[in-house]
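Written out below as structure tokens is the structure these notes cover.
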Amino acid sequence: SPAPAPAPRAFPGQPAQIGHGPRDRPRVALTFHGQGDPALARTLLTTAERHGARVTVLAVGTWLDAHPEMARRILDGGHDLGNHTQRHLSVNDMPEAEARAEITGCADRLKRLTGSIGTWFRPSRAVTASPLVARLARAAGYPHVLSYDVDSLDYTSPGAAAVTRTVLAGVRPGSVVSLHFGYPGTATALPALLDELDRRGLHAVTTTELLS
């Protein structure tokens, strides 16, 4: 059977909520919210791999319930896999018990599928976690909350060219970019986006590698 997936780790010197990595190294992290059509997800992963890129996928628990094979597919491609809550609701607005269940529900599914709760937690429907949600995530085993400093706005379905333009306007060394599975425009945008990152000398790596 496959080896258990990596566990979360603390990165000394990094804040509790990480919005970007070191600005002095030519690396960026493309991070994907994991839901939607698994065929599109596979296309995005394969595109990244063909470019020699690795990404981070924050999976929604209900998506893992529907497509459990995707957890292993992500890990087998050399990508980071993390927790984006169980149902992708507004976790910062929930009472404590419900918010905890959203975090641990997805963590339990990841653990069952991969042997690990995943390497990252990102709150659903929020750029950053509320103090309560950050505390609950720590208690669940995630030392950091993974935020981002570049929002692709791909979930507004603006078209592939607009997704590429938005990311390239904001990205710089150390950036963590928010993208989504499930949107055809994102899959179409990725080859051009990776080509342009290459042209700028920026290498797309996992968030773990970005911070290591």
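Numbering (the working numbering), first residue to last: 5 to 216.
Beta carbons are placed, not taken as given, at the ideal position from N, Cα and C, and that holds for glycine.
Own chain partners of P42 with C-beta closer than 7 Å, once the 5 adjacent residues on each side are dropped:
Excluding positions up to five away in sequence, the list reads H71 and M74.
Per-residue burial, S156 [other beta carbons within 10 Å of its own, 16 or more giving buried]
Burial call: buried.
In three-state terms, what does DSSP make of V32?
Strand, per DSSP.
Give the DSSP-derived three-state secondary structure of G38 in the structure shown.
Assigned with DSSP and collapsed to three states, G38 falls in strand.
Beta-bridge partners of L183, as assigned by DSSP
When beta bridges are read from the DSSP output, L183 appears opposite F36.
With a threshold of 8 Å, are at least 3 pairs of Cβ atoms found where one atom belongs to the region 136 to 144 and the other to the region 169 to 179?
Contact between the region 136 to 144 and the region 169 to 179 is absent, because fewer than three Cβ pairs lie under 8 Å.
Within 9 Å, strictly: CB atoms of G65 and V180:
No, they are not a contact pair.
At the level of alpha carbons, what is the spacing between G186 and R76?
So the alpha carbons of these two residues sit roughly 18 Å apart.
Consult DSSP for A133 and reduce its assignment to one of helix, strand or coil.
For A133, the secondary structure class from DSSP, reduced to helix, strand or coil, is coil.
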